[in-house]
Each structure stands twice: as C-alpha cells, then as structure tokens.
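Engineer: Quick one: the structure is below, and I'll ask about it shortly.
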Amino acid sequence: MEAFKVQVIDNGSGMDIQDMESVGNRYFTSKCSSLEDLDNLKFYGFRGEAVASIANLAMLVEISSRTKMSVKTHVKVFKDGNGLDVFEAETTRPSAGTTVVICNLFHNMPVRRNRMDSVLEFERIRQRVEAISLMQPSVSFTLKNDCTGTMVVQLSKARNTYYRFVQIHGLGRAQKLGEISHSHAQFQVSGYLGREGHYNNTLQFLYVNDRLLLKTRIHKLLNLLLRKVGGSSRQNDSPGTPPAIRSPKQRRGAELHAMYVINIMCHYSEYDICLEPAKTLIEFKDWESILLCIEEAVKAFLTRENLVCELYPEDIQDYVCQNVFSGQTASTDGDEKEEDNVTASSDWLHHYDDTVGKLVYINKVTGLSKYEAPSAEETQVSCTSDVTNMAISVISKKGIEYRCYPFQMDLVLPFLPKSGSVLSSGPDNGGDDIQDSNSLSSLYSEWTNPVFARPPMVGVDISSVQAEGLAVKIHNILFPYRFSKDMIHSMKVIHQVDKKFLACLINTQDQEPAACSETDGNLLVLVDQHAAHERVRLENLVADSYEDDPEAPGERRLCSSTVAPPLEVSVTDEELRLLGSCQPFLRGLGLEMQFSQIGNPQVLVGKVPMCFTEKESNELRRGRHSIIKPIVEEYLQEQIELLRSTGRVRGTLPLTVLKVLASLACHGAIKFNDSLSKEECCSLVGSLSSCQLPFQCAHGRPSIAPLVDVLHLNDQEEPPKPNLRKLRRMYKAWELYGNR
Numbered sequence: 001m002e003a004f005k006v007q008v009i010d011n012g013s014g015m016d017i018q019d020m021e022s023v024g025n026r027y028f029t030s031k032c033s034s035l036e037d038l039d040n041l042k043f044y045g046f047r048g049e050a051v052a053s054i055a056n057l058a059m060l061v062e063i064s065s066r067t068k069m070s071v072k073t074h075v076k077v078f079k080d081g082n083g084l085d086v087f088e089a090e091t092t093r094p095s096a097g098t099t100v101v102i103c104n105l106f107h108n109m110p111v112r113r114n115r116m117d118s119v120l121e122f123e124r125i126r127q128r129v130e131a132i133s134l135m136q137p138s139v140s141f142t143l144k145n146d147c148t149g150t151m152v153v154q155l156s157k158a159r160n161t162y163y164r165f166v167q168i169h170g171l172g173r174a175q176k177l178g179e180i181s182h183s184h185a186q187f188q189v190s191g192y193l194g195r196e197g198h199y200n201n202t203l204q205f206l207y208v209n210d211r212l213l214l215k216t217r218i219h220k221l222l223n224l225l226l227r228k229v230g231g232s233s234r235q236n237d238s239p240g241t242p243p244a245i246r247s248p249k250q251r252r253g254a255e256l257h258a259m260y261v262i263n264i265m266c267h268y269s270e271y272d273i274c275l276e277p278a279k280t281l282i283e284f285k286d287w288e289s290i291l292l293c294i295e296e297a298v299k300a301f302l303t304r305e306n307l308v309c310e311l312y313p314e315d316i317q318d319y320v321c322q323n324v325f326s327g328q329t330a331s332t333d334g335d336e337k338e339e340d341n342v343t344a345s346s347d348w349l350h351h352y353d354d355t356v357g358k359l360v361y362i363n364k365v366t367g368l369s370k371y372e373a374p375s376a377e378e379t380q381v382s383c384t385s386d387v388t389n390m391a392i393s394v395i396s397k398k399g400i401e402y403r404c405y406p407f408q409m410d411l412v413l414p415f416l417p418k419s420g421s422v423l424s425s426g427p428d429n430g431g432d433d434i435q436d437s438n439s440l441s442s443l444y445s446e447w448t449n450p451v452f453a454r455p456p457m458v459g460v461d462i463s464s465v466q467a468e469g470l471a472v473k474i475h476n477i478l479f480p481y482r483f484s485k486d487m488i489h490s491m492k493v494i495h496q497v498d499k500k501f502l503a504c505l506i507n508t509q510d511q512e513p514a515a516c517s518e519t520d521g522n523l524l525v526l527v528d529q530h531a532a533h534e535r536v537r538l539e540n541l542v543a544d545s546y547e548d549d550p551e552a553p554g555e556r557r558l559c560s561s562t563v564a565p566p567l568e569v570s571v572t573d574e575e576l577r578l579l580g581s582c583q584p585f586l587r588g589l590g591l592e593m594q595f596s597q598i599g600n601p602q603v604l605v606g607k608v609p610m611c612f613t614e615k616e617s618n619e620l621r622r623g624r625h626s627i628i629k630p631i632v633e634e635y636l637q638e639q640i641e642l643l644r645s646t647g648r649v650r651g652t653l654p655l656t657v658l659k660v661l662a663s664l665a666c667h668g669a670i671k672f673n674d675s676l677s678k679e680e681c682c683s684l685v686g687s688l689s690s691c692q693l694p695f696q697c698a699h700g701r702p703s704i705a706p707l708v709d710v711l712h713l714n715d716q717e718e719p720p721k722p723n724l725r726k727l728r729r730m731y732k733a734w735e736l737y738g739n740r
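Counting from 1, position 651 in the sequence shown corresponds to residue 651 in UniProt numbering; the numbering is continuous, with no gaps.
Here it is as structure tokens:
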C-alpha cells in the first residue's frame with residue numbers, strides 16, 4: 001500500500017482471447033443476460049463495472065490470464081483508463097488463472113490518496129479477506145505485504161467454517177463456539193454462536209447467502225440477545241477487582257461483546273443488497289420473519305447451552321421503540337380473516353379493554369368477566385405491549401386525571417395495522433360476514449363488557465396534608481433555575497453545614513455580573529465540599545499533566561515517566577502493526593515503546609504518563625497490588641480501538657488518563673466531616689468558580705444543589721393570629737357543659 005500497488009492472483013478457469021478483448025469494457029462483462037438473472041445473483045459483482053472503475057482510478061492496470069485448454073498467456077494493459085490491444089506474454093503462467101496488477105492507484109485523486117494510511121488500509125484488507133474466507137473454506141487465501149515481505153494471511157483449504165475459524169483466530173476461541181441451525185418460513189440460519197463474550201466486537205460475522213453484511217438490524221438484535229452471555233458464563237471474574245484497573249481482556253460480562261459467525265440462506269429475491277458500492281447494507285422484504293428466525297435460533301442455542309439470561313423489559317422496549325417507525329409496512333388480505341395470535345382454552349376468551357387499560361378475561365359459559373388471569377391449567381395467554389395499546393395520563397383543567405389511548409385512533413396513526421377485524425353490521429353484509437362464535441372480534445362487536453370502568457383519579461389533591469410539598473414542586477416546575485458560571489462568581493458563602501456542605505447564596509435574577517456582585521443572592525444553595533474540591537483538583541491535575549513538546553514547537557504533550565524494567569504487554573499481530581504505525585503520535589500521549597516479535601508478539605513499554613506512576617506509588621504505599629500493567633493495557637487498547645474506528649489517536653484527553661486523574665483527585669480531596677473555616681470555604685468557592693466545569697465532580701456527580709428561593713419565602717403571607725375571644729368562649733362552654 002505504500003507504493004499504491006495491488007496484485008491479485010487466482011488459479012481459476014482463466015479467460016480466453018475473446019474474453020480478454022472484452023474485459024474492462026463497462027457493463028460488457030455483466031453476469032446478467034436477462035431480467036430473470038437478477039433474482040439469481042450468485043456472484044459478488046454482476047454489473048461489469050469493477051475492472052472499468054479500477055482502470056479509471058489507476059495509472060496502469062495489467063491483466064494476464066491463461067485457460068486450462070491453452071498454454072498461451074494473454075495480457076491486456078490499461079493506461080490512464082484506456083485499454084490497449086491484447087498481446088501474448090513472453091512468460092507463460094505456470095497454471096491456469098488470472099492475475100491483475102494495479103499500479104499507482106488514486107493517482108488522479110490526491111485528497112483521497114493523502115487520507116489513506118498504508119497500515120490501516122492493509123489491516124482493513126486483511127479483515128475483509130479473513131471475513132470472506134470464512135464462507136469459502138474450500139478456497140485457500142494468501143495476503144502478502146511486498147514492501148515488508150511479511151505473509152500476513154496464509155490460509156489453506158479447510159474442512160468447514162469452524163476449522164477456518166480455528167486457522168484465523170486459534171483453537172482457544174473456536175472452542176467457545178457452539179453450532180446452531182434453524183429454519184423459519186423462507187429463511188434458514190446456520191453457523192456458530194459464542195458461549196462466552198469477547199473484549200471487542202471484531203469476532204462478529206454475519207452473512208446472507210455467503211455475502212458479508214455490516215451494521216444491520218440483525219446485528220443489533222444479535223447483540224441484544226447475546227450481550228449478557230459473557231456475564232452468565234464467566235466464573236473467573238473477581239468481584240473485588242476495581243473496574244478502573246481491570247485488564248481490557250478480562251472485562252466483566254456487561255463489558256463483553258458477542259461472538260458469532262452466522263449465515264442466512266434464502267432466495268435472492270427476498271432482499272436487496274445494491275444500496276451502496278461496498279454492498280454490505282441490506283433491505284429485506286419481510287423483516288419480521290427474518291428477525292423472528294434469528295431470535296428463535298439464538299434462544300434455542302441459549303436454552304441448549306444453559307445460558308438463558310432474562311432480558312430487562314427496558315431492553316426489549318428500547319429495541320421495539322427504535323424499530324416501530326423504521327419504515328416497516330404491513331398489508332393484510334381482505335379475503336382472509338385475521339386470527340388472534342393467542343393460544344387459549346375453549347372456555348375462556350380475552351380482550352384488551354381500552355376503557356380500563358387491562359386485559360379482560362371472559363368465560364364463554366357463564367358470561368362473567370374478570371381482570372385476573374385464569375390459572376395455567378385453564379388457559380395460556382400471551383400479551384404483547386406495543387405502541388397501539390399505550391396509555392397516556394391526561395390532567396384536565398379541573399385537576400382530574402384521565403387515561404386515554406390516542407394511538408388507537410385512525411387519525412393519529414392510520415398506517416399501523418389493527419389488532420383485529422371488527423364485524424360491521426349492515427344490510428349489505430349478508431352471510432359472508434358470519435364469523436365463528438369463538439372470535440373475539442365478533443363477540444365484542446355485539447356485547448359490552450360488564451366490568452365497570454375505573455373512576456377518574458384526582459391528579460393534584462391540594463386538600464391533603466401534602467399541599468405544602470406540592471406547592472414547592474409546582475414552583476420548581478414553573479420557575480426552574482439554570483446555573484451559569486457567572487452566578488458562581490457572585491456566590492456568597494454563609495457557612496459550613498454539618499461538615500459536609502457549604503451554604504451559599506446565588507443571585508439568579510437577570511442582572512449584569514457587576515450588579516450581581518453588589519446585591520445579595522436570592523437562591524440558597526448547598527455546595528458539596530467533597531465534589532467541589534474534587535473538581536478543583538481534577539482540573540489542576542489535568543493542567544499539570546501537560547508540558548511543552550520540544551520536538552513540535554507550539555504543541556503540548558502528556559508528561560511521561562520512565563518504567564524500569566519495561567512493561568511487557570502481549571498483543572496480537574494486528575495490534576502490533578497498528579501501534580507501530582502511529583508510534584510518533586503515541587509519544588505525545590506519554591508512551592514510548594519497543595516492539596518484540598520473538599516468539600509471541602509483545603510491546604515493551606518504557607515510558608508511561610506520569611499520573612500512572614503516581615497511581616502505582618499510592619497503591620503500593622497502601623499495601624495493595626500493583627496496578628500499572630492493567631492500566632497500561634487498557635490505555636493501549638483504547639488507542640487501538642481509536643485507530644480502528646477513526647484512523648487517528650491524537651484527540652482530547654484520553655479516557656484512561658482521565659479516569660486515573662479522577663481517582664487521584666478523589667483520594668486527595670476534602671472529605672465529609674472535615675471542618676472548614678469561613679476563609680477556607682470562601683477559598684474553595686473561589687477556586688470552583690475558576691473551573692471549566694464547576695457543576696459536577698470528577699465522576700459526574702452534581703456539586704451544587706438549589707435549596708430554597710429566599711424571595712419566594714418572603715412572598716408568603718404571615719400565618720393568621722389565633723382568635724383568643726372565640727377560644728375563651730369555647731373554653732367557658734366546655735367548663736359548663738363538658739362534664740355532663
């Protein structure tokens with residue numbers, strides 16, 4: 001990739017001289033000769049555009065090919081997109097097949113060429129070759145970097161996908177896979193699912209008819225169903241290990257990613273994959289069926305492997321809500337009767353009553369109804385909650401709360417399919433509209449539920465003893481307070497409260513900053529002394545962590561500290577190449593390392609950010625275990641993931657460094673029960689006002705909380721004085737007649 005040269009060699013059938021004359025002509029080599037061929041796309045490309053497009057982007061393209069029936073090798077050359085005449089090569093290919101050589105790629109696109117990183121592009125090619133090889137185990141693949149002479153990928157023929165996975169990712173990871181096979185409607189799912197999670201998402205492969213897919217709704221569903229597998233299967237996770245010092249390859253179950261290699265087989269007419277040039281996005285005709293097939297296959301696998309994990313209701317609700325309005329369309333055949341998707345016994349019927357917002361169960365024999373579900377022996381009813389039966393509380397002007405179901409109206413959501421067909425009565429219906437007596441639709445079109453609806457509830461009961469608390473809540477809603485940094489400059493300290501908080505006054509009125517400093521505040525707030533000091537310490541530590549970079553004038557870099565002996569961190573070959581490509585940028589992040597390829601690939605880290613060594617010394621001083629190696633592993637993994645996603649490592653303050661600085665700021669901050677004088681309180685508030693983010697501590701907790709508005713208290717009427725004359729008369733009456 002450094003020379004922008006690519007060479008592809010295969011040992012296929014090759015092309016004869018007639019095909020060589022036509023190759024490179026746009027649309028001439030299309031695999032589709034009729035409209036019927038569009039429904040049977042068995043090739044990765046079918047429009048005949050790839051070679052022509054490559055010839056336009058490269059300065060020189062050379063194609064040489066030989067067939068099995070000939071000993072001659074024919075060559076065709078393209079210069080600046082123009083094809084030359086086919087000629088016979090002087091050197092004959094040793095076997096049949098085709099070779100394509102691309103030289104000086106993107107020579108006419110300087111911007112794109114400058115944005116290409118040779119290491120990152122080579123890693124993307126490697127990942128794509130390995131992903132394609134999983135579905136082609138009978139084909140051998142080789143990927144070589146001619147600039148370095150290294151053989152990056154060398155995969156021989158394998159028995160099946162499982163053994164190809166062993167070749168790429170090793171036997172240890174392959175042993176964590178379990179085979180699945182499931183069919184539903186027109187879809188068939190086969191492949192492997194992981195019994196344990198992985199520390200990143202690089203082991204997620206999804207295919208449709210052996211074609212790789214990226215970023216689909218199927219990926220989202222698989223990750224939702226499998227994301228808790230790692231938490232239920234990992235038994236070696238030590239609960240006492242702090243998450244900040246955990247190695248990225250030993251993460252907790254909630255931090256792990258699913259592993260799967262799944263291939264979906266269906267007819268080519270069931271989906272459209274021609275949405276973008278890479279052909280990795282897809283659109284199915286029937287999304288509901290394919291998602292149901294995937295869900296059933298995964299649940300069957302989890303049940304078989306004893307890995308069944310209960311999904312949280314909010315997880316399912318989030319997935320449903322994000323896909324309700326995703327462009328799905330539902331159509332029903334008018335000649336077919338829509339059946340209720342409920343399995344019930346012959347003695348009970350059920351219906352969702354929108355007047356009460358519950359399921360109502362009706363006994364067909366007695367005609368009685370109730371809200372409680374019958375016993376499991378009598379019926380088995382499944383209820384699905386979706387947007388069509390969502391209840392919304394509405395408070396009227398009189399304070400009465402009503403429950404309504406606006407999404408069941410045709411005017412609001414006319415495009416949503418209804419849950420059942422309602423029997424319409426009229427003279428034109430005739431005998432065609434006669435339905436079975438067991439149908440819920442026919443039953444509810446002729447009969448009203450005898451269960452009484454609930455009376456309206458009082459939304460705000462101001463007659464109760466909670467009126468004062470409600471008044472405060474209502475005032476906070478009508479008059480919200482929004483803090484700004486200018487208000488903190490005008491904050492006046494009253495005193496420390498309970499050795500935990502600082503009572504202060506803030507002026508929230510719309511005035512100029514100079515005027516605010518001269519007037520007293522109106523809002524009484526409490527400042528968390530620990531959170532405030534933690535924020536001050538964090539921003540000071542962040543500022544002290546940088547120094548001027550002598551190699552780049554005007555730039556700043558993280559202060560580093562030498563580690564002796566160097567830390568040995570095990571990495572993969574891919575991670576070794578990625579870190580080697582950005583070694584100059586890593587120096588700006590406080591990292592200096594050497595690479596060792598003797599035996600297993602390793603990184604020898606000689607310098608780390610100074611805050612890491614400070615954290616290490618604090619832990620050792622307290623008699624705890626060393627934590628610097630897990631922190632460095634997490635730091636390297638953060639930069640590797642950033643390289644994979646964005647192609648760059650330099651940006652804002654790294655998250656790992658921020659977490660370590662936040663820990664240092666927390667341990668050295670003022671604690672609860674620490675007594676502070678008035679001067680110390682004023683000094684802390686003054687330091688807080690100079691912070692960039694004074695409203696929260698280093699871990700995100702709020703540092704300032706409003707307590708009461710003094711102006712609001714002054715506006716309250718004075719309590720009425722007791723009527724002493726009336727009390728005197730009542731007391732005399734009780735003396736005269738109270739004892740009788």
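Ideal Cβ positions, reconstructed from N, Cα and C, are used throughout, including at glycine.
1. For the beta strand (DSSP E) holding tyrosine 268, just list the boundary residues, first then last.
2. Could you tell me the boundaries of the beta strand (DSSP E) in which isoleucine 102 lies?
3. Quick one: which unbroken alpha helix (DSSP H) runs of 4-plus residues sit fully inside the segment 551-600? Chain order, please.
4. What span of residues does the beta strand (DSSP E) with asparagine 145 cover, start to end?
5. For a test of the three-state rule: what should DSSP assign to phenylalanine 205, helix, strand or coil?
6. Between which two residues does the beta strand (DSSP E) harbouring aspartate 528 extend?
7. Under the rule that 16 or more other beta-carbon atoms within 10 Å means buried, what is methionine 69, buried or exposed?
8. Considering glutamate 62, what are the terminal residues of the beta strand (DSSP E) in which it resides?
9. Tell me which same chain residues have a C-beta within less than 8 Å of the C-beta of asparagine 160, skipping the five on either side of it?
10. On the three-pair Cβ rule with 8 Å, is the segment 677-687 touching the segment 630-638?
11. Between Asp272, Val77, Phe483, Gly24, which lies nearest to serine 703 when the distance is taken from Cα to Cα?
12. Quick check: the segment 257-275 against the segment 204-219, are there 3 or more CB pairs under 8 Å?
13. Measuring alpha carbon to alpha carbon, tell me which residue in Pro584, Cys147, Gly521 is nearest aspartate 709.
14. What number of angstroms, rounded off, separates the C-alpha of asparagine 363 from the C-alpha of asparagine 201?
15. What residue range does the beta strand (DSSP E) around glycine 686 cover?
16. Can valine 493 and valine 563 be called in contact, C-beta distance under 8 Å?
17. On the DSSP bridge list, what partners appear for phenylalanine 695?
18. Report all residues from its chain with a CB closer than 7 Å to the CB of lysine 370; omit the five preceding and five following residues, and keep chain order.
19. Please list, in chain order, all residues of the same chain as leucine 676 whose beta carbon is under 6 Å from its beta carbon, the five residues on each side excluded.
20. Taking its Cβ as the centre, do 16 or more other Cβ atoms sit within 10 Å of leucine 155, making it buried, or is it exposed?
21. Drop a sphere of 10 angstroms on the beta-carbon of methionine 730, count the other beta-carbons inside from all chains shown, and report buried for 16 or more, exposed for fewer.
22. Would you mind reading off the limits of the alpha helix (DSSP H) that contains aspartate 19?
23. In whole angstroms, what separates the C-alpha of asparagine 114 from that of aspartate 528?
24. Where do the N-terminal and C-terminal ends of the beta strand (DSSP E) with residue 788 fall, by residue?
25. Taking only three categories from DSSP, how would you classify leucine 302?
26. Taking all protein chains shown into account, do 16 or more other C-beta atoms lie within 10 angstroms of the C-beta of lysine 337, making it buried, or fewer, making it exposed?
27. Can you list, in chain order, the residues of its chain with a C-beta nearer than 6 Å to that of phenylalanine 452? Leave out the 5 residues immediately preceding and following it.
28. Taking the alpha-carbon of leucine 143 as reference, which of Leu105, Val8, Val75, Lys220 has the nearest alpha-carbon?
29. Who are the near neighbours of serine 689 in its chain, counting only those whose CB is closer than 8 Å to its CB and skipping five residues on each side?
30. Helix or strand or just coil, what does DSSP make of glutamate 276?
31. Go ahead and label valine 111 buried or exposed: buried means 16 or more other beta carbons lie within 10 angstroms of its beta carbon, across all protein chains shown.
32. In its own chain, which residues sit with a C-beta less than 8 Å from the C-beta of leucine 281, not counting the 5 before and 5 after it?
33. Please confirm if the segment 648-666 is in contact with the segment 539-547, defined as three or more CB-CB distances below 8 Å between the two stretches.
34. Between the beta-carbon of phenylalanine 301 and the beta-carbon of glycine 178, is there less than 8 Å?
35. Just how far apart, CA to CA, sit arginine 577 and glycine 590?
36. Drop a sphere of 10 angstroms on the beta-carbon of serine 183, count the other beta-carbons inside from all chains shown, and report buried for 16 or more, exposed for fewer.
Structural biologist: This is what the structure gives:
1. Stepping through the sequence shown from its first residue, residue 268 is reached at position 268. Note, tyrosine 268: premise wrong, no beta strand (DSSP E); not H, not E.
2. In the sequence shown, residue 102 corresponds to position 102, counting from 1. Unbroken beta strand (DSSP E) run through isoleucine 102: 97-105.
3. 573-581, 583-587
4. Here residue 145 is taken as the residue at index 145 of the sequence shown, counted from 1. Segment 141-145, the beta strand (DSSP E) holding asparagine 145.
5. Along the sequence shown, read from residue 1 onward, the residue named residue 205 stands at position 205. Phenylalanine 205: strand per DSSP, three-state reduction.
6. Residue mapping note: residue 528 aligns to position 528 of the sequence shown, counting from 1. Taken as a continuous stretch (DSSP letters only), the beta strand (DSSP E) holding aspartate 528 covers 523-528.
7. Along the sequence shown, read from residue 1 onward, the residue named residue 69 stands at position 69. It is exposed - the Cβ of methionine 69 has fewer than 16 other Cβ atoms within 10 Å.
8. Here the question's residue 62 lines up with position 62 in the sequence shown. That run of the beta strand (DSSP E) goes 58-66.
9. Locating residue 160 in the sequence shown gives position 160, counting from the first residue. So the list reads Pro137, once near-sequence residues are dropped.
10. no
11. Sequence index remark: in the sequence shown, residue 703 carries index 703 (1-based). It is Phe483.
12. yes
13. Your numbering for residue 709 matches position 709 in the sequence shown. When only C-alpha atoms are compared, the closest one is Gly521.
14. In the sequence shown, residue 363 corresponds to position 363, counting from 1. In the sequence shown, residue 201 corresponds to position 201, counting from 1. The straight-line gap from Cα to Cα measures roughly 52 Å.
15. Taking the sequence shown and counting its residues from 1, the one referred to as residue 686 is at position 686. Per DSSP, glycine 686 belongs to no beta strand (DSSP E); it is in the alpha helix (DSSP H), 678-689.
16. As a position in the sequence shown, residue 493 is number 493, starting the count at 1. As a position in the sequence shown, residue 563 is number 563, starting the count at 1. Not closer than 8 Å, so no.
17. Residue numbering aside, residue 695 sits at position 695 when the sequence shown is read from its first letter. In the DSSP output, where bridge partners are listed per residue, phenylalanine 695 has none listed.
18. For the purposes of this step, residue 370 is identified with residue 370 of the sequence shown, where counting begins at 1. Here the set comprises Tyr361.
19. For this step, residue 676 is matched to residue 676 along the sequence shown. Counting only Cβ-Cβ distances below 6 Å, and skipping sequence neighbours, we find Gln496.
20. Locating residue 155 in the sequence shown gives position 155, where the first residue counts as 1. Result: buried.
21. On the sequence shown, residue 730 is found 730 positions in, with the first residue counted as 1. Methionine 730 should be labelled exposed.
22. Taking the sequence shown and counting its residues from 1, one reaches residue 19 at position 19. Unbroken alpha helix (DSSP H) run through aspartate 19: 17-22.
23. On the sequence shown, position 114 is the one that residue 114 refers to. On the sequence shown, position 528 is the one that residue 528 refers to. Straight-line Cα distance between these residues: approximately 51 Å.
24. Residue 788 is absent from the model: the chain starts at 1 and stops at 740.
25. To locate residue 302, count along the sequence shown from 1; it is residue 302. Here leucine 302 sits in helix by DSSP.
26. Locating residue 337 in the sequence shown gives position 337, counting from the first residue. Residue confidence for lysine 337 is low, a pLDDT of 37 falling below 50, so the modelled location carries little weight; the figure read from the coordinates is stated next. The residue in question, lysine 337, is exposed, as its Cβ has fewer than 16 Cβ neighbours within 10 Å.
27. Start at 1 with the first residue of the sequence shown, and residue 452 comes out as number 452. In this prediction, phenylalanine 452 scores a pLDDT of 47, lower than 50, which makes its location untrustworthy; no coordinate-derived value is stated.
28. Start at 1 with the first residue of the sequence shown, and residue 143 comes out as number 143. Considering only alpha carbons, the answer is Val8.
29. By one-based count along the sequence shown, residue 689 stands at place 689. The answer, listed in chain order, is Lys485, Ile488, His489, Met491.
30. In the sequence shown, residue 276 corresponds to position 276, counting from 1. Here glutamate 276 sits in coil by DSSP.
31. Within the sequence shown, residue 111 is the residue found at index 111, counting from 1. Exposed: under 16 other Cβ atoms inside 10 Å.
32. Stepping through the sequence shown from its first residue, residue 281 is reached at position 281. Answer for leucine 281: Leu213, Leu214, Lys215, Thr216, Ile273, Leu275, listed in chain order.
33. yes
34. Stepping through the sequence shown from its first residue, residue 301 is reached at position 301. Stepping through the sequence shown from its first residue, residue 178 is reached at position 178. A contact, by the Cβ cut-off of 8 Å.
35. In the sequence shown, counting from the first residue as 1, residue 577 sits at position 577. In the sequence shown, counting from the first residue as 1, residue 590 sits at position 590. So the two alpha carbons sit approximately 19 Å from each other.
36. Translated into positions along the sequence shown, residue 183 becomes position 183. Label assigned to serine 183: exposed.
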